[in-house]
């Protein structure tokens, strides 16, 4: 697979792997298959994306076990800042320097590594100046515990302020055919500052693959059952968007997943999508996106079918929306 350059000389394959759903949020997972997916990604040298909040640490532990003995073959990215309590309850966002240091030490232990390749602040802490948070993150780089720094769901001015403290290699934000918010200002800011862009949920949390026809198709313990875009009338309205993706994919002779990912890849050479999956078959389908060639006509059709703001429903519930673009 071809590589792409994020910021600060961080070169990674054009597609990464999001590991969140292997431990939480999207229903039960088979650990053996999840490990098989990660190990296949390791063989390909992909960037693995995890966070300390996914499964309250269990996801980092899973990734650590999967990469053991093969650390030098893979790029490990993890995140801190979303704090959870002993029962998994969300306690808020913490970007204080002392927390940055303790969170990093805990992630290093769970991952079983000596250095994290890309360390993100998961959400911006509105109570802590970004200069203080990034200053503590920069200390981790100087100590050899972290190679590159990243932010997630940060606003343009926050990104600029962070870059004034220490170079930022990547910004991670939701981006897909139906979540094109970064095109307002974020992508231009990243280009201007030399910050790479990592697109999470590039398949619309799996919805753009066409696998879900009714809300009942989500497992009973799946977080998406209560997501604004998959609830009530929004589900049926968004289903029509998934059908557009399938129609064009059929014409191209590829899967809807490959088409949706190919669109993200075509937007900018500094964008790296990290589709998440816990199934080896879907992982292979996603990899095929790197071979899909979209013509100017294909891109125009998709742009017309998916203008900014086309999706019915917000990206998160109201509380979650308050934590983005800060």
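Numbering (our numbering), first residue to last: 17 to 342.
The beta-carbon is built from N, C-alpha and C at its ideal position, and this holds for glycine as well.
- Around the C-beta of residue 337, fewer than 16 other C-beta atoms lie within 10 Å, and the residue is accordingly described as exposed.
- In the displayed model, residue 268 falls within a helix according to three-state DSSP.
- A direct Cα-Cα distance of roughly 45 Å separates residue 113 from residue 271.
- If you check the CB distance, residue 222 and residue 240 come in under 9 Å.
- For residue 302, the closest of 284, 311, 288, 127 by C-alpha to C-alpha distance is 288.
- Per DSSP, reduced to three states, the secondary structure at residue 316 is helical.
- Taking 9 Å as the cut-off, the beta carbon of residue 96 is found closer than this to the beta carbon of residue 68.
- In this model, residue 178 and residue 98 are separated by some 19 Å (Cα to Cα).
- Cβ contact annotation for residue 142 (same chain, cutoff 7 Å, sequence separation greater than five): 342, in chain order.
- For residue 129 against residue 92, the beta-carbon gap comes to about 6 Å, under 8 Å, which counts as contact.
- For the beta strand (DSSP E) assignment, the uninterrupted runs of no fewer than 3 residues enclosed by the stretch 93-168 are, from N- to C-terminal side, 98-100, 106-109, 132-137, 162-168.
- Listed in chain order, the non-local C-beta contacts of residue 131 below 7 Å within the same chain comprise 160, 161, 162, 163, local neighbours out to five positions each way being set aside.
- About 4 Å separates the beta carbon of residue 340 from that of residue 169, a gap short enough to meet the 8 Å contact definition.
- Using a Cβ-Cβ distance cut-off of 8 Å, the stretch 290-308 and the stretch 30-50 are in contact, since at least three pairs of beta carbons, one from each stretch, lie closer than that value.
- DSSP places residue 188 in the uninterrupted beta strand (DSSP E) bounded by 186-190.
- Classified as buried, residue 218 has 16 or more neighbouring CB atoms from the shown chains inside 10 Å of its CB.
- By the C-beta density criterion, residue 266 is exposed, having fewer than 16 other C-beta atoms within 10 angstroms.
- For the options 213, 184, 250, 237, the alpha carbon positioned closest to that of residue 229 is the one of 250.
- In this structure, residue 224 lies away from residue 252, with their beta-carbon atoms at least 9 Å apart.
- Pairing residue 215 with residue 188 gives a Cβ-Cβ distance under 9 Å.
- Cβ neighbours of residue 172 within its own chain (closer than 7 Å, five residues either side excluded): 201, 202, 205.
- Rounded to whole angstroms, the gap between the alpha carbons of residue 248 and residue 86 is 45 Å.
- When 313, 335, 278 are compared, the shortest CA-CA separation from residue 31 is found for 278.
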